[in-house]
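Number of protein chains: 2
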Amino acid sequence: MRIEELDTPAVVVDWDVMQDNIRSLADYCRKHGIGLRPHTKTHKIPAIAKMQVQAGSKGITVAKVGEAEVMAAAGLDDILIAYPVLGLSKLDRLAKLARERKITVGVDSMEAAEGISEAAKRAACRISILIEFDMGMHRCGLQSPEALVNMARRVEELPGLQFAGIMFYPGHIWDLPPDQFPMLLEVSQKIGEICEKLRQHGLDCEVVSGGSTPTAYNSHLVRRLTEIRAGTYVFYDMNEVGVQACRLSQCALKVLVTVISNAVAGKAMIDGGSKTFSGDRLISGDKTGFGYVTEHPEIKFVSMSEEHGHLELSPSSYKPRVGERLSIIPNHVCACVNMHDQIYYHRKGIIEGMWTVEGRGKVR
Amino acid sequence: MRIEELDTPAVVVDWDVMQDNIRSLADYCRKHGIGLRPHTKTHKIPAIAKMQVQAGSKGITVAKVGEAEVMAAAGLDDILIAYPVLGLSKLDRLAKLARERKITVGVDSMEAAEGISEAAKRAACRISILIEFDMGMHRCGLQSPEALVNMARRVEELPGLQFAGIMFYPGHIWDLPPDQFPMLLEVSQKIGEICEKLRQHGLDCEVVSGGSTPTAYNSHLVRRLTEIRAGTYVFYDMNEVGVQACRLSQCALKVLVTVISNAVAGKAMIDGGSKTFSGDRLISGDKTGFGYVTEHPEIKFVSMSEEHGHLELSPSSYKPRVGERLSIIPNHVCACVNMHDQIYYHRKGIIEGMWTVEGRGKVR
Numbered sequence: 001m002r003i004e005e006l007d008t009p010a011v012v013v014d015w016d017v018m019q020d021n022i023r024s025l026a027d028y029c030r031k032h033g034i035g036l037r038p039h040t041k042t043h044k045i046p047a048i049a050k051m052q053v054q055a056g057s058k059g060i061t062v063a064k065v066g067e068a069e070v071m072a073a074a075g076l077d078d079i080l081i082a083y084p085v086l087g088l089s090k091l092d093r094l095a096k097l098a099r100e101r102k103i104t105v106g107v108d109s110m111e112a113a114e115g116i117s118e119a120a121k122r123a124a125c126r127i128s129i130l131i132e133f134d135m136g137m138h139r140c141g142l143q144s145p146e147a148l149v150n151m152a153r154r155v156e157e158l159p160g161l162q163f164a165g166i167m168f169y170p171g172h173i174w175d176l177p178p179d180q181f182p183m184l185l186e187v188s189q190k191i192g193e194i195c196e197k198l199r200q201h202g203l204d205c206e207v208v209s210g211g212s213t214p215t216a217y218n219s220h221l222v223r224r225l226t227e228i229r230a231g232t233y234v235f236y237d238m239n240e241v242g243v244q245a246c247r248l249s250q251c252a253l254k255v256l257v258t259v260i261s262n263a264v265a266g267k268a269m270i271d272g273g274s275k276t277f278s279g280d281r282l283i284s285g286d287k288t289g290f291g292y293v294t295e296h297p298e299i300k301f302v303s304m305s306e307e308h309g310h311l312e313l314s315p316s317s318y319k320p321r322v323g324e325r326l327s328i329i330p331n332h333v334c335a336c337v338n339m340h341d342q343i344y345y346h347r348k349g350i351i352e353g354m355w356t357v358e359g360r361g362k363v364r
Numbered sequence: 365m366r367i368e369e370l371d372t373p374a375v376v377v378d379w380d381v382m383q384d385n386i387r388s389l390a391d392y393c394r395k396h397g398i399g400l401r402p403h404t405k406t407h408k409i410p411a412i413a414k415m416q417v418q419a420g421s422k423g424i425t426v427a428k429v430g431e432a433e434v435m436a437a438a439g440l441d442d443i444l445i446a447y448p449v450l451g452l453s454k455l456d457r458l459a460k461l462a463r464e465r466k467i468t469v470g471v472d473s474m475e476a477a478e479g480i481s482e483a484a485k486r487a488a489c490r491i492s493i494l495i496e497f498d499m500g501m502h503r504c505g506l507q508s509p510e511a512l513v514n515m516a517r518r519v520e521e522l523p524g525l526q527f528a529g530i531m532f533y534p535g536h537i538w539d540l541p542p543d544q545f546p547m548l549l550e551v552s553q554k555i556g557e558i559c560e561k562l563r564q565h566g567l568d569c570e571v572v573s574g575g576s577t578p579t580a581y582n583s584h585l586v587r588r589l590t591e592i593r594a595g596t597y598v599f600y601d602m603n604e605v606g607v608q609a610c611r612l613s614q615c616a617l618k619v620l621v622t623v624i625s626n627a628v629a630g631k632a633m634i635d636g637g638s639k640t641f642s643g644d645r646l647i648s649g650d651k652t653g654f655g656y657v658t659e660h661p662e663i664k665f666v667s668m669s670e671e672h673g674h675l676e677l678s679p680s681s682y683k684p685r686v687g688e689r690l691s692i693i694p695n696h697v698c699a700c701v702n703m704h705d706q707i708y709y710h711r712k713g714i715i716e717g718m719w720t721v722e723g724r725g726k727v728r
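Below, the structure is given as structure tokens:
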């Protein structure tokens, strides 16, 4: 079947572009001796996680216990849940997983660490702990090296736990023009300070887990970093284009849509809105629009209802007919994939298969 | 099981509040002799659609063929797909449905009408057509009564189709303080004009389908309206509170979350972000925030990552501990429900069951 024959809206991945993205970051990490632990929240598809591992990833990252279960059931191992696990039900599921797989959890509170310790004790297993440090995003993470070291010492004493190192998420560092390199130097210094303080207390900081897609190819500038958790790089999207983390041609995922109405002058409606693309706005570049219309980049995707995408035609002489098909690169690919039960993949326009988004909806 | 024992994040509906919402609009419609055809996109759950029908709805509305299939499979009949159906695959599924159920489709182009006619011919069935008119939202719909009448005459001649009337979506009319009542008068006049012109051409306008939740209880002010398609009223949400379409106590659906981090001063993170609530912003009231924290309304839900909700604590002396639970009313309940595979329902705090969101993900 050719792409043109797919019913719309449909999410389609260009296999070759995706493979290039996977290979390219794996090669970079190999060259610089940095581990790659891709965040699989972007695709939530075990088959893609396996490709990432085969290309050289040391393990994977997930956000939720339910996502870890899906990945483990498909045979993946060495899973970092980069998210505090709280609540009896989730903790018991976590411990059950940890009896069969190498599981690490990122936390920033003793409440979370103590719950995990109790669960590990009940299940007679060991769970590794990374303590999250706030490098400047101000979302989660301990606020000072001293606080982190204090917590590490307490974690090390809890039964069933093993303090394995630190993690941070540099979500505040989007792009890195040369005048912002000091930001990375600051991160390096902070890591050095934490590792030194841990050493003084006899604690080894085996893992320093950082990274995100926009900063991925600058990871070698951060000293002592042992692994990165980039996720979006597998598909890329308009947010990444906006911060020049990739070129348009590296965007592997598009949403195929059909024009369903052109009754209102100057507008066209497509059969995908926020329930197809997610409602995520563009947070980089010119911060306008809900996606890039590849066939007619001059057209603006100006707003969305749940099932309607609103295209503004005025900058163009082009007026699409009802039934015409367009393909659109989403703003935020992780959120877009999460709206769908299945996504297709193609090579040179021929649909070669479909993946079930197995981790979708695993909110717990 | 009590609500407090549910693992989070979890979406929970207060059964009694929902029943009141269903009954109240059904009573209003009965009193004024207006048909109610609730838009089931809000819940996508056949069991709730059946309650709406039992309360007096004449049929239901859906947005996609896939949603119609789910509802029909559960036994629902008289289904309006308020959305142009395009593409061979969807058209054949539509015609198959129409052999077993009363199906009506809303369209605004001859391309859509012709495709439906062809499919109806192939399947030897009849499909009713509503023609959409643009009452001022400028999304879809014909632009003049003349254009609508011309299209109705052409539709009436197509095999397999039956012109049944008109539909409109007054999405531009949010709230109705007395000085905006002229807007409804304008709608009434336009309907009158269309019906008169249709009559002159020997066409009956049996159905005049309009309405939305914010305008629902003013529907009697629109003359000749035969039915409304309100959806959100079943649960209500903060957008509806913002336009005073409901009181807070009428919001039947809340998202239970757990505080997962309070490491950053002045902030708390909860275990639900855009993949739990949807990324939809508040588009009414003060247009800020991502949900209403019922236990601490003074706290602002200021932003979201995919799996983190960011609470701003500064207006409060309250500092939640890690593990504490909160319940939050979402901005846009239709988009929120659409993120979940299951939602729970309770009566007076006791969980009585769970519904599968069967229509979720039926994007085609």
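In order, the protein sequence lines correspond to chains P and S. Take the first sequence: its position 216, counting from 1, is numbered 216 in the numbering used here, and each next residue is one higher. Take the second sequence: its position 119, counting from 1, is numbered 483 in the numbering used here, and each next residue is one higher. Ideal placement from N, C-alpha and C gives every residue a C-beta, glycine not left out.
Interface flag, residue i vs chain P, CB-CB below 9 Å
i	result
S/A476	yes
S/G479	yes
S/G643	yes
S/S453	yes
S/E604	no
S/G535	yes
S/K561	no
S/K554	no
S/K485	no
S/K631	yes
Among the options, the one whose alpha carbon lies nearest that of residue i
i	options	result
S/K651	S/T658, S/H660, S/E659, S/K664	S/K664
S/K454	S/K428, S/V381, S/A477, S/A446	S/K428
S/D601	S/I624, S/S642, S/G655, S/G637	S/G655
S/R366	S/D442, S/G451, S/G717	S/G717
S/Y597	S/S552, S/E550, S/L525, S/H696	S/H696
P/A120	P/C140, P/G136, P/L158, P/D134	P/L158
P/A123	P/D92, P/G136, P/L142, P/Q143	P/D92
S/T658	S/I493, S/T372, S/V621	S/V621
S/S681	S/I693, S/V471, S/I692, S/H660	S/H660
P/P315	P/K267, P/H201, P/R360	P/K267
S/N385	S/Q416, S/I398, S/G397, S/H403	S/Q416
Sheet register partners of residue i (DSSP bridge)
i	result
P/L6	Answer is none; P/L6 lacks a bridge partner.
P/F163	P/I129
S/K618	S/V376
S/A632	S/L675
P/F301	P/L311
Amino acids of chain P, ordered along the chain, whose beta-carbon sits closer than 9 Å to that of residue i
i	result
S/Y447	I260, D271, E307, H308
S/L450	T8, T258, V259, I260, D271, V322, G323
CB contact flag (residue i, residue j, <9 Å)
i	j	result
P/K197	P/E240	no
S/Y709	S/M382	yes
P/E118	P/G165	no
S/I495	S/A516	yes
S/R685	P/E111	yes
P/I60	P/A49	yes
S/P534	S/G574	yes
P/K275	S/V727	yes
P/G141	P/D108	yes
P/S57	P/L36	yes
Under 7 Å from the C-beta of residue i: neighbouring residues of chain P
i	result
S/C698	E306
S/D705	G361
Interface residues of chain P facing residue i [CB-CB closer than 8 Å]
i	result
S/T640	V363
S/A427	E306, E307
S/A627	D108, S109, E132, D134, C140, G141, L142, Q143
Residue-chain proximity (residue i, chain S), Cβ-Cβ < 9 Å
i	result
P/R321	yes
P/D237	no
P/R139	yes
P/K300	no
P/E254	It should be pointed out that residue 254 of chain P corresponds to Lys in this sequence rather than to Glu. False, the Cβ-Cβ gap to chain S never drops below 9 Å.
P/K41	yes
Contact set between residue i and chain S, taken where Cβ atoms lie within less than 7 Å
i	result
P/N338	K639
Contacts that residue i makes with chain S (C-beta to C-beta distance below 9 Å)
i	result
P/K287	Near P/K287 there are no residues of chain S at all, since even the closest Cβ is about 14 Å away, more than 9 Å.
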